[in-house]
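Student:
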Amino acid sequence: MITLPLCTNKAPLYRQIYDWLKAEIQSKNYKPHDRIPSKRKLSEHLCVSINTIDTAYSQLLDEGYIIAVPKKGYFVCDIDVYHRINVTQQENTLNISMSNLKIDFSPSDIDHHAFPYKTWRNIFKSCFNEFDHSILKRTMAQGDVNLRRELVAFLHSSRGVNCDERQIVIGAGTESSLRTLSLVLSNNTSIALENPVYRKAYKTFEHMGHAILPIPIDDRGIEIEPLKNLSNVAVYVTPSHQFPLGISMPIGRRVELLNFANEADGRFIIEDDYDSEFRYIRKPLPSLQSIDQNGKVIYVGTFSTSIAPSIRISYMVLPLTLLKNYTKICTEFGSEVSILEQRIVAKFIAEGNYEKHLNKMRKLYKDKRGHLIRELSIFGNDIKIVGESAGSHLLIKSAISKSENDMRKAATEKGVKVYPISDYFIGQMLEKYENTFLLGYGALSKIEISEGVKLLYDAWNCGD
Numbered sequence: 001m002i003t004l005p006l007c008t009n010k011a012p013l014y015r016q017i018y019d020w021l022k023a024e025i026q027s028k029n030y031k032p033h034d035r036i037p038s039k040r041k042l043s044e045h046l047c048v049s050i051n052t053i054d055t056a057y058s059q060l061l062d063e064g065y066i067i068a069v070p071k072k073g074y075f076v077c078d079i080d081v082y083h084r085i086n087v088t089q090q091e092n093t094l095n096i097s098m099s100n101l102k103i104d105f106s107p108s109d110i111d112h113h114a115f116p117y118k119t120w121r122n123i124f125k126s127c128f129n130e131f132d133h134s135i136l137k138r139t140m141a142q143g144d145v146n147l148r149r150e151l152v153a154f155l156h157s158s159r160g161v162n163c164d165e166r167q168i169v170i171g172a173g174t175e176s177s178l179r180t181l182s183l184v185l186s187n188n189t190s191i192a193l194e195n196p197v198y199r200k201a202y203k204t205f206e207h208m209g210h211a212i213l214p215i216p217i218d219d220r221g222i223e224i225e226p227l228k229n230l231s232n233v234a235v236y237v238t239p240s241h242q243f244p245l246g247i248s249m250p251i252g253r254r255v256e257l258l259n260f261a262n263e264a265d266g267r268f269i270i271e272d273d274y275d276s277e278f279r280y281i282r283k284p285l286p287s288l289q290s291i292d293q294n295g296k297v298i299y300v301g302t303f304s305t306s307i308a309p310s311i312r313i314s315y316m317v318l319p320l321t322l323l324k325n326y327t328k329i330c331t332e333f334g335s336e337v338s339i340l341e342q343r344i345v346a347k348f349i350a351e352g353n354y355e356k357h358l359n360k361m362r363k364l365y366k367d368k369r370g371h372l373i374r375e376l377s378i379f380g381n382d383i384k385i386v387g388e389s390a391g392s393h394l395l396i397k398s399a400i401s402k403s404e405n406d407m408r409k410a411a412t413e414k415g416v417k418v419y420p421i422s423d424y425f426i427g428q429m430l431e432k433y434e435n436t437f438l439l440g441y442g443a444l445s446k447i448e449i450s451e452g453v454k455l456l457y458d459a460w461n462c463g464d
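By full-length UniProt numbering, the letter at position 315 of the sequence shown is numbered 315, and the numbering carries on one by one without gaps.
1. Going by DSSP, what residue range makes up the beta strand (DSSP E) through V76?
2. Would you call F128 buried or exposed, if buried means 16 or more other Cβ atoms sit within 10 Å of its Cβ?
3. Determine the extent of the alpha helix (DSSP H) in which residue 466 is found, giving its start and end residues.
4. Look up M316 in the DSSP assignment and give the residues it is bridged to.
5. Give the DSSP-derived three-state secondary structure of S176 in the structure shown.
6. If we count the other Cβ atoms within 10 Å of its Cβ and call it buried at 16 or more, is L394 buried or exposed?
7. Kindly identify the DSSP beta-bridge partner or partners of T331.
8. Taking only three categories from DSSP, how would you classify L251?
9. Using beta-carbon positions only, say whether I103 and G391 come within less than 8 Å of one another.
10. Inspect the CB distances between the segment 254-272 and the segment 219-237 and report whether three or more fall short of 8 Å.
11. Please report how far the alpha carbon of Y65 lies from the alpha carbon of L178, in whole angstroms.
12. Assign R267 to buried or exposed, taking buried as 16 or more other Cβ atoms, counted over all protein chains shown, within 10 Å of its Cβ.
13. According to the neighbour-count rule (16 or more other Cβ atoms, all chains shown, within 10 Å of its Cβ), is residue 494 buried or exposed?
14. Note down the Cα distance separating K417 from R15, rounded to an integer number of angstroms.
15. In its own chain, which residues sit with a C-beta less than 8 Å from the C-beta of S314, not counting the 5 before and 5 after it?
16. Buried or exposed, going by whether 16 or more other CB atoms sit within 10 Å of the CB of A23?
17. With C-beta atoms as the reference, is Y424 less than 8 Å away from R199?
18. When the Cα atoms are used, what is the spatial distance from Q142 to V345?
19. Would you call the segment 398-411 and the segment 432-441 in contact, with 3 or more CB pairs under 8 Å?
20. Apply the 10 Å Cβ neighbour rule to Y18 and answer buried if 16 or more other Cβ atoms are within range, or exposed otherwise.
21. Excluding the 5 residues flanking A189 on each side, which residues of the same chain have their C-beta closer than 6 Å to its C-beta?
22. Is the separation between the beta-carbon of S134 and that of S248 shorter than 8 Å?
23. Please say whether C77 and H207 have beta carbons closer to each other than 8 Å?
24. For S392, does the three-state DSSP call read helix, strand or coil?
25. With 16 as the cutoff for other CB atoms within 10 Å, does Y117 come out buried or exposed?
26. Count the other CB atoms within 10 Å of the CB of A56; is the residue buried (16 or more) or exposed (fewer)?
27. Does the segment 322-341 come close enough to the segment 370-387 to have 3 or more Cβ pairs within less than 8 Å?
28. For M316, which residues in the same chain have their Cβ closer than 6 Å to its Cβ, ignoring the five residues on either side in sequence?
29. Taking the runs of the alpha helix (DSSP H) that are 4 residues or longer, which of them lie wholly in the UniProt domain "HTH gntR-type" (11-79)?
30. Could you check whether S58 and I50 sit closer than 8 Å to each other, using their CB atoms as the reference points?
31. Give me, in chain order, the residues of the same chain whose beta-carbon lies closer than 6 Å to that of residue 475; leave out the 5 immediate sequence neighbours on both sides.
32. What residues match up with V416 in a beta bridge as DSSP calls it?
33. Out of curiosity, what's the CA-to-CA distance linking Q289 and S157?
34. Output needed for E91: all residues of its chain with C-beta closer than 6 Å, excluding positions within five of it in sequence on either side, in chain order.
35. Just tell me which of F205, E194 and L193 has its CA closest to the CA of S186.
36. What residues are listed by DSSP as bridge partners for V453?
Next up, the structure:
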């Protein structure tokens, strides 16, 4: 069982646990496919709340270090492709980050202070009705019908998605939905992925045994030419806000992608509508699914970034062409998500609280984004800001004459955690992306953003 010193006067407990486990995985003390302790056992062993462990595990899941296997537990992913830091360097980085972490520019965290605690608590209480025993019963594989009905209406009004409740499948997070999809697709279906890539998707499909085809990205999104000779392929894209580059796929490229899928049987598009909720300059284009006329688009979404990472509820809209396969394969399964949690989210949407919360978070993140951009002006021409029009992170491309590893190490020594884009590539990173870093601002206050930028400025010797 894991034993580590937790310091209550340093970084948050979940962050200390996350950092320690991440380092153990990277240094191969936990090997690929090893099982890690359950959340309950680890919370009891470390004498911390299960919510603390859940937050740490959710972060590891989001970043592709571990994978959740239903009814079996959590297992370590093979991360050699991404992490090139040697063990000694990683141990030094860990020692600094565990004892001196001040600012974490995580691209996947949220503003915890803005969570609607009171509303959530009231809905939670209202779901416990002594005359309604349905929350005690097993839920069908597709998920609670109340939530699926609410999603039909909400997704149509907000993203133009056209479906009925039969087509929606509720999952326990994006990786859960993608695992289910892997079972529904034919065994010989290859997965074409944007490169750089959303790591969770890559590791899930790889774990499920699919052949992985990394496809380059240009300034309009995934390139179509490398796809043209492929058959029996599902193309995974994040068109609203490509992760990690932040590109929004224009309508012309979307039509090209749909035309590619329509040209042959066995071709599908997996549309992960990541961060479509948070746009600050222009309204988002309608979803790919909304303009699909031939049942080629599988639409995937989640509440982890819009509500909280611990709300492990995702949803997938299957085209009718795949619904028969799903019914044949998956209807004997039970839902992986608590019916109580599904009912809470359904009510949260039905009563207008979700839309209200999104409006609040959109305004909050837009304000933080503007503040970060203003603070980064201290660097002058030493950096270029890109991918800032949506989401809760942006990218900085450095012109400073230091290597990526030196810049990351210097930042870490100042107590600042940054995220090099090289970590998100399958195979060799392209030269044009050298010294590019993700800076997330969702979980940081304005004061923390200012402090973090000043520390980076000092770390990279920009004042010399």
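Quick reminder that beta carbons are idealized off the backbone N, C-alpha and C, glycines included.
Tutor: So, from the data block:
1. G73 to V76
2. exposed
3. The question about residue 466 has no answer, for the chain in this structure spans 1 to 464.
4. V169 and V300
5. helix
6. Here L394 is buried. Its C-beta has 16 or more other C-beta atoms within 10 Å.
7. DSSP output for T331 lists no bridge partner at all.
8. Contrary to the premise, residue 251 reads as Ile rather than Leu in this sequence. Note: I251 maps to helix in three-state DSSP.
9. No Cβ-Cβ contact shorter than 8 Å links I103 with G391.
10. yes
11. 16 Å
12. buried
13. With the chain running from 1 to 464 in the structure shown, residue 494 is simply not present.
14. 12 Å
15. I170, G171, A172, G173, T174, S176, S177, V300, G301, T302, F303 and S304
16. buried
17. yes
18. 15 Å
19. yes
20. buried
21. Ala is not the amino acid found at residue 189; the sequence shown has Thr there. Cβ neighbours of T189 beyond the five flanking positions: N232 and A234.
22. no
23. yes
24. coil
25. exposed
26. Result: buried.
27. no
28. V169, S177 and V300
29. 13-26, 39-46 and 50-62
30. no
31. Outside the displayed range of the chain (1 to 464) lies residue 475, so it cannot be described from this structure.
32. I103
33. 13 Å
34. No answer about E91 holds up, because its pLDDT of 42 lies below 50 and its placement is not dependable.
35. F205
36. For V453, which the question treats as bridged, DSSP gives no partner whatsoever.
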